[in-house]
Amino acid sequence: MRLTLALVGVIAAAGPCANGPQLPGALGDAARSLNETREDAREVANASEKLKAVTGTAGDAVNRCDRLRTQDIALDEERTIGEAAAIQLAAANGGILIGRNVDDPANAPTIALNQLGTKLAALSERPHLAWTFSILDSDTVNAWSTPGGLVFVTRGLLKKVENEAQLAGVLAHEIAHVTGRHALNKYREVKVEQCRNYVAAGIAGKAASAVTSKLAASFGSDLGHLDFRGAEDVLANMGASVAAALQHEKFDPKQETQADYDAMSLLVLAGYQPAEYAKFLGMLPDTFQHDTHPPKQERIANVKSILNQFAKDPLRSPGAPYGPEQGYTADPISPALAAL
Amino acid sequence: MKRSTLLGLGALVALGAGASWALGSGDTIYVRARDTRVFKDPDGARPIGAPLQPGDKLVWIEQVKGTKFHKVKTAKGVVGYVLFNTVSATAPKTEVVVKQDGAHHIDAQASAAYGAAARGLTEESRKSAAHAPDPEAAQKAVEDLQRVEAVIAKKVKGGGR
């Protein structure tokens, strides 16, 4: 991004303060203070002039940062930030349950979870992603997904589900957040914040933080695409921000509604009884995902509304009704998962 | 919900739940699932032609009542039947990739070829663990995630692409 690359130059141009003449005692301190104040003022003026020369006005620069909020995120960038967030999310939530090698029998739960997850993901709007489903070694009841298709469920959640349809509902909801690119909105906000920090530092004539400076230098194109190669500390910082947002901030209510709709659709497509998802939500404590999702009763009402919408739709699609013989399943959960 | 009301939902969702339009014979639909097979009859017994991939276009002919199948024509002119949940009225989402000459939107097939399905953590995300708030726990998470990826590639159908 030209703006931010130019700002690197603005910051680099701001050198250390010049020393004043050496005077003794308090007089000397006062003189040095005065000189430093004048020097600071000159630096601020110089930086502001250079900033204006590059961007027109500070407002323009801020506007350019704001554009990052609506820019597409490239696939490799999405996967990389998703991985970084996933690493920190797993580290903060008990770690991942997995065997010591590929052939370890302890991998059975992970295999079962991925067989279910990949079946659902193959029917999603982004079947081509490298979907990865992992079990977190935590007694809490929760599930998350990070950009690029990394999905986590806790051991505590797996103990709660009564059948495969309920687990499929949880996974489908997380898949829907990925296909809807909902978490990327949180990432975009992190980018905008860092960009604004950089602009603010330029306006104030102060050096931006190391992270922000590296971030600015990493903007590689007008797209605002971030190439994290060689800037792994920046990636860790931004991954931590995204992971924290996923764990503590709510998605947009419209995104939650959409995720539930898409999840119910996936359940139907995969042949699972969608009403089981509503039942599962009803079984959970009121605290389930209460920091990051709408209240439980609201979610249940939304899911039931979707079921009614499905049922009452005039079936304008030419495909309905197709009349499958077996209906929708709510089979027992895989023994490997039930044994956890 | 009564079982009978659920029975018709699958095809509705597959071809555009909640949509206010109706497909007509000759309209374009899209393959949504990998390795989608076209069958000679609406029973799934005898596949014909090569497997189709997400984003492939089909001409919709009709839904075969009382079955899970739609009658379609492929781009190569093959007329046959596909399962309802392998097709969609909308194309799979495109992806953005950045090349030397700028950003490009690419379709599902190109995404797969570009490496969207590549397994294993990127070098930069692996290295990011050293800078995490808890580097030791993060490094363990990296190693565990790598093993999960390896298990999927070797043990899960379709996981290795």
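Same order as they appear, the protein sequences are chains A and B.
Heads up: the first sequence begins at 1 in this note's numbering, then just goes up one per residue.
Heads up: the second sequence begins at 1001 in this note's numbering, then just goes up one per residue.
Here a beta-carbon is modelled for each residue, glycine too, at the ideal position from N, C-alpha and C.
Residue i at chain A interface by Cβ criterion, 8 Å
i: isoleucine 1152 of chain B; result: yes
i: threonine 1028 of chain B; result: no
i: valine 1097 of chain B; result: yes
i: lysine 1155 of chain B; result: yes
i: leucine 1145 of chain B; result: yes
i: aspartate 1043 of chain B; result: no
i: proline 1133 of chain B; result: yes
i: alanine 1137 of chain B; result: yes
i: methionine 1001 of chain B; result: Residue placement at methionine 1001 of chain B is poorly supported in this model, since its pLDDT is 39, which falls under 50; the coordinates still yield a value, given next. By this cut-off, methionine 1001 of chain B is an interface position.
i: valine 962 of chain B; result: Residue numbering for chain B in the displayed model covers 1001 to 1161; residue 962 of chain B lies beyond these limits and cannot be assessed.
i: arginine 1037 of chain B; result: no
i: alanine 1103 of chain B; result: yes
i: arginine 1046 of chain B; result: no
i: threonine 1122 of chain B; result: yes
i: valine 1082 of chain B; result: no
i: alanine 1112 of chain B; result: yes
i: alanine 1050 of chain B; result: no
i: lysine 1076 of chain B; result: no
i: leucine 1006 of chain B; result: Confidence is the limiting factor: at leucine 1006 of chain B the pLDDT is only 44, short of 50, which leaves the residue's position unreliable and the question unanswerable from this model.
i: valine 1148 of chain B; result: yes
Straight-line Cα distance separating residue j from residue i
i: glycine 239 of chain A; j: alanine 1132 of chain B; result: 9 Å
i: aspartate 233 of chain A; j: alanine 92 of chain A; result: 18 Å
i: valine 1096 of chain B; j: arginine 126 of chain A; result: 13 Å
i: arginine 229 of chain A; j: aspartate 262 of chain A; result: 34 Å
i: isoleucine 333 of chain A; j: asparagine 114 of chain A; result: 13 Å
i: valine 199 of chain A; j: glycine 149 of chain A; result: 33 Å
i: valine 303 of chain A; j: glycine 1120 of chain B; result: 35 Å
i: aspartate 76 of chain A; j: arginine 64 of chain A; result: 23 Å
i: valine 1148 of chain B; j: aspartate 72 of chain A; result: 29 Å
i: aspartate 139 of chain A; j: alanine 278 of chain A; result: 22 Å
i: alanine 1108 of chain B; j: valine 1078 of chain B; result: 22 Å
i: proline 109 of chain A; j: leucine 157 of chain A; result: 13 Å
i: glycine 282 of chain A; j: asparagine 142 of chain A; result: 14 Å
i: glutamine 88 of chain A; j: alanine 1141 of chain B; result: 8 Å
i: valine 190 of chain A; j: isoleucine 81 of chain A; result: 11 Å
i: glutamate 1124 of chain B; j: leucine 97 of chain A; result: 23 Å
i: alanine 1050 of chain B; j: histidine 128 of chain A; result: 19 Å
i: valine 382 of chain A; j: glycine 169 of chain A; result: In the structure as shown, chain A starts at 1 and stops at 340, and residue 382 of chain A therefore has no counterpart that could be examined.
i: valine 151 of chain A; j: serine 124 of chain A; result: 14 Å
i: alanine 231 of chain A; j: leucine 136 of chain A; result: 28 Å
Host alpha helix (DSSP H) of residue i (start-end)
i: alanine 183 of chain A; result: 182-204
i: glycine 1077 of chain B; result: Note, glycine 1077 of chain B: premise wrong, no alpha helix (DSSP H); not H, not E.
i: threonine 110 of chain A; result: 108-121
i: threonine 179 of chain A; result: 164-179
i: valine 1148 of chain B; result: 1135-1155
i: alanine 1108 of chain B; result: 1108-1111
CB contact check: residue i to chain B, cutoff 8 Å
i: glutamate 36 of chain A; result: Note on glutamate 36 of chain A: pLDDT 47, under 50, position unreliable in the model; the coordinate value appears next. No, glutamate 36 of chain A lies away from the interface with chain B (no Cβ there is under 8 Å from its Cβ).
i: histidine 182 of chain A; result: no
i: asparagine 107 of chain A; result: yes
i: arginine 229 of chain A; result: yes
i: aspartate 66 of chain A; result: no
i: alanine 168 of chain A; result: no
i: glycine 95 of chain A; result: yes
i: serine 317 of chain A; result: With a pLDDT of only 36 at serine 317 of chain A, under 50, the local geometry of the prediction cannot be trusted, and no value is derived from it.
Where the beta strand (DSSP E) containing residue i begins and where it ends
i: lysine 1061 of chain B; result: The question names lysine, but residue 1061 of chain B in the sequence shown is isoleucine. Looking at the DSSP string, the run of the beta strand (DSSP E) that includes isoleucine 1061 of chain B is 1057-1063.
i: serine 134 of chain A; result: 132-136
i: leucine 150 of chain A; result: 150-154
i: valine 1031 of chain B; result: 1028-1031
Reduced DSSP category for residue i - H, G, I as helix; E, B as strand; rest coil
i: glutamate 232 of chain A; result: helix
i: phenylalanine 251 of chain A; result: coil
i: tyrosine 272 of chain A; result: strand
i: arginine 1037 of chain B; result: strand
i: proline 1051 of chain B; result: strand
i: glycine 1102 of chain B; result: strand
i: isoleucine 87 of chain A; result: helix
i: isoleucine 333 of chain A; result: coil
i: leucine 1121 of chain B; result: coil
i: serine 145 of chain A; result: strand
i: leucine 1070 of chain B; result: The identity of residue 1070 of chain B in the sequence shown is histidine, whereas the question assumes leucine. Here histidine 1070 of chain B sits in strand by DSSP.
i: isoleucine 81 of chain A; result: helix
i: leucine 340 of chain A; result: coil
i: leucine 284 of chain A; result: coil
i: threonine 341 of chain A; result: This structure does not reach residue 341 of chain A, given that chain A is present from 1 up to 340, and the question cannot be answered.
i: glutamate 256 of chain A; result: helix
i: proline 314 of chain A; result: For proline 314 of chain A, the predicted model reports a pLDDT of 32, less than 50, meaning its position is unreliable and no value from the coordinates is stated.
i: glutamate 1095 of chain B; result: strand
Proximal residues of chain E, C-beta to C-beta of residue i below 8 Å
i: proline 127 of chain A; result: You won't find chain E in this structure, because its protein chains are A and B.
Any non-hydrogen atom of the ligand MG within 7 Å of residue i CB
i: valine 170 of chain A; result: In the structure on display, the ligand MG does not appear, and there are no ligands present to speak of.
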